[in-house]
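Comments concern the structure below.
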Amino acid sequence: MSAPNTIPPPGEPAPELLDGRIWVDGCFDFFHHGHAGAMVQARQLGNELYCGVHSDEDIMANKGPTVMNLKERLAATDACRWVTRSVGHAPYVTELPYISHFGCKYVVHGDDITSDSDGNDCYRFVKEAGRFKVVKRSPGISTTDLVGRMLLCTRTHFIKSLENVLAGTEGGGTEEERKATAAAMNDRLALYATDETAKAPGAEIWFWRASLEAKSEETALEKGEFRQFLEGPGPQPGQRIVYVDGGYDLFSSGHIEFLRNVLLEEEKLAKATDWFGEAAAAKRKQATGKDYGPSYVVVGVHDDNVINSWKGVNYPIMNIYERGLCVLQCKYINAVIFGAPFTPTEPYLTNLPWGTPSAVYHGPTKFMPLTYDPYTAPKALGIYRQVGAHEFADVNAGQIVDRIMKSREMARSCGEAIDITTYDQDVMLKVYCSCSAYESVLYINRMDWAKDPAN
């Protein structure tokens with residue numbers, strides 16, 4: 001039986017149910033673009049989106065332990081551009097009184113079945129009440145798939161040239177199949193680049209074309225060529241252009257908190273110029289129809305082969321398309337540059353489509369083994385700024401992989417494995433392991449299990 005939700009919904013109950021206030025809920029464990037796909041489709045069905053996030057305890061009782069804790073998972077949903085409000089400790093089985101408390105008339109979920117520990121549909125009550133709507137699941141991405149990549153160390157997900165894939169000239173299958181895949185990928189990029197309404201343009205997308213040397217090495221000084229892939233509103237009057245870069249692999253609370261802190265640092269600077277004064281805000285609204293923040297954040301995302309040349313093994317776990325989608329859905333950014341160089345040189349920075357940025361921010365880096373300082377150019381230009389340590393500074397792709405591996409090893413070492421079920425099209429096994437010292441969901445290679453189930 002599913003664990004009861006013991007924490008009542010916060011605040012006063014809404015006076016009425018609103019057709020446009022949509023509810024979604026889930027675990028959202030290491031949040032990926034498939035989760036964001038459900039969010040954006042749900043937001044298109046209304047004008048507000050409330051996101052319920054289950055507690056660690058409820059997930060354990062119904063599904064097994066999480067990789068990310070509740071606070072980390074809430075950081076991810078809070079950062080999603082289409083989420084109006086996140087609600088922690090939402091019940092695992094969606095309850096009518098609970099969602100009604102927030103004024104949400106309809107619940108939205110993907111076109112799959114989610115069951116509690118008894119095998120009952122988690123949405124049975126809202127379905128019976130006629131308050132359930134279905135959206136399509138995002139193809140080709142799942143938590144299980146990502147875990148499989150970690151454990152099997154595959155590189156088949158890597159993309160050599162995202163531009164070519166989006167043009168239908170690279171990838172598997174026939175020419176017709178590549179064109180169909182490209183069209184779907186193009187549509188998804190446009191969808192994820194929408195604004196908070198999910199109905200209008202929101203973020204710009206660019207590509208940087210340059211040699212592999214310029215993208216991955218320290219010494220190349222190419223200015224390259226910028227190509228706009230998707231237009232957006234662009235910088236607004238008075239906004240400072242801010243540049244950040246990275247791999248953003250397994251996009252998580254560490255990346256998110258860094259981006260949020262970049263905005264906070266920019267807000268501190270803006271306060272000194274009276275940006276937030278009533279007169280200044282009124283002037284902006286009169287000129288553009290709405291108010292906006294003091295900074296325009298541009299995110300450079302590195303190619304797969306660039307990241308792999310530094311991290312090795314099969315990093316990145318997510319390819320550049322998947323990582324870009326994760327960045328695009330984040331409300332703390334305004335533009336994405338695919339194929340950004342590992343070293344932002346002076347020719348690159350001074351030739352950005354928006355001009356030389358006012359600031360280049362970098363955060364705490366522990367996972368990337370650097371042999372030189374990639375930020376000598378922004379430092380020489382006097383535009384380098386450092387974001388210090390924060391609550392989620394240690395959360396990165398490497399730590400997430402470590403958590404999965406530790407879960408695997410601890411479960412194996414206890415010697416008690418039960419409830420073995422087929423998982424991920426016969427490639428993986430999901431083993432629920434329970435002993436007095438440890439509880440875990442163990443993901444292992446099916447072939448490894450067949451060779452030696454005791455280990």
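Numbering (UniProt numbering), first residue to last: 1 to 455.
Every residue, glycine too, gets a C-beta built ideally from N, C-alpha and C.
For clarity, every value in this text was computed on a predicted model and none was experimentally measured.
Limits of the unbroken beta strand (DSSP E) element including residue i
i: residue 384; result: 384-386
i: residue 22; result: 18-26
i: residue 122; result: From DSSP, residue 122 is part of no beta strand (DSSP E); its letter is neither H nor E.
i: residue 49; result: 48-53
i: residue 336; result: 335-338
Whole-angstrom distance between residue j and residue i, CA atom to CA atom
i: residue 47; j: residue 216; result: 43 Å
i: residue 156; j: residue 188; result: 21 Å
i: residue 71; j: residue 12; result: 23 Å
i: residue 201; j: residue 193; result: 6 Å
i: residue 376; j: residue 25; result: 44 Å
i: residue 335; j: residue 373; result: 25 Å
i: residue 127; j: residue 87; result: 21 Å
i: residue 287; j: residue 270; result: 19 Å
i: residue 229; j: residue 195; result: 17 Å
i: residue 273; j: residue 358; result: 15 Å
i: residue 97; j: residue 45; result: 21 Å
i: residue 175; j: residue 322; result: 22 Å
i: residue 7; j: residue 104; result: 18 Å
i: residue 314; j: residue 23; result: 37 Å
i: residue 292; j: residue 284; result: 8 Å
i: residue 260; j: residue 343; result: 23 Å
i: residue 166; j: residue 90; result: 38 Å
i: residue 78; j: residue 18; result: 21 Å
i: residue 136; j: residue 114; result: 14 Å
i: residue 20; j: residue 100; result: 13 Å
i: residue 148; j: residue 66; result: 16 Å
i: residue 122; j: residue 133; result: 14 Å
CA nearest to the CA of residue i, picked from the options
i: residue 234; options: 178, 127, 297, 289; result: 297
i: residue 226; options: 353, 83, 167, 382; result: 353
i: residue 459; options: 311, 198, 98, 394; result: Residue coverage of the chain in this structure runs from 1 to 455, which leaves residue 459 outside it and unanswerable.
i: residue 300; options: 270, 36, 190, 249; result: 249
i: residue 404; options: 9, 68, 16; result: 68
i: residue 109; options: 131, 100, 251, 165; result: 131
i: residue 61; options: 113, 119, 399; result: 119
i: residue 339; options: 142, 153, 307; result: 307
i: residue 401; options: 251, 209, 15; result: 251
i: residue 380; options: 393, 397, 356, 394; result: 356
i: residue 294; options: 145, 232, 236; result: 236
i: residue 246; options: 158, 14, 316, 29; result: 316
i: residue 502; options: 21, 391, 138; result: With the chain covering only 1 through 455, there is no way to say anything about residue 502.
i: residue 204; options: 52, 333, 262, 39; result: 333
i: residue 384; options: 390, 362, 391, 395; result: 362
i: residue 253; options: 275, 330, 54; result: 330
Strand pairing of residue i, partner residues [DSSP]
i: residue 133; result: 108
i: residue 82; result: Partner(s): none; residue 82 has no beta bridge.
i: residue 230; result: 205
i: residue 59; result: Paired residues: none, contrary to the question.
i: residue 248; result: DSSP lists no partner for residue 248.
i: residue 243; result: 298, 360
i: residue 115; result: 121
i: residue 330; result: 80
i: residue 225; result: 209
Start and end residues, alpha helix (DSSP H) containing residue i
i: residue 89; result: No alpha helix (DSSP H) contains residue 89, which DSSP labels as neither H nor E.
i: residue 32; result: Note, residue 32: premise wrong, no alpha helix (DSSP H); not H, not E.
i: residue 505; result: The question about residue 505 has no answer here: the residues shown for the chain are numbered 1 through 455.
i: residue 254; result: 253-271
i: residue 292; result: Premise fails: residue 292 is in no alpha helix (DSSP H) and is neither H nor E.
i: residue 460; result: Residue numbering for the chain in the displayed model covers 1 to 455; residue 460 lies beyond these limits and cannot be assessed.
i: residue 310; result: 304-311
i: residue 165; result: 162-167
i: residue 156; result: Looking at the DSSP string, residue 156 is not in any alpha helix (DSSP H), and its letter there is neither H nor E.
i: residue 7; result: Neither: residue 7 is in no alpha helix (DSSP H) and is coded neither H nor E.
i: residue 199; result: Segment: none, residue 199 is in no alpha helix (DSSP H) and carries neither H nor E.
i: residue 377; result: 376-380
i: residue 141; result: Where residue 141 is concerned, there is no enclosing alpha helix (DSSP H), given that its DSSP letter is neither H nor E.
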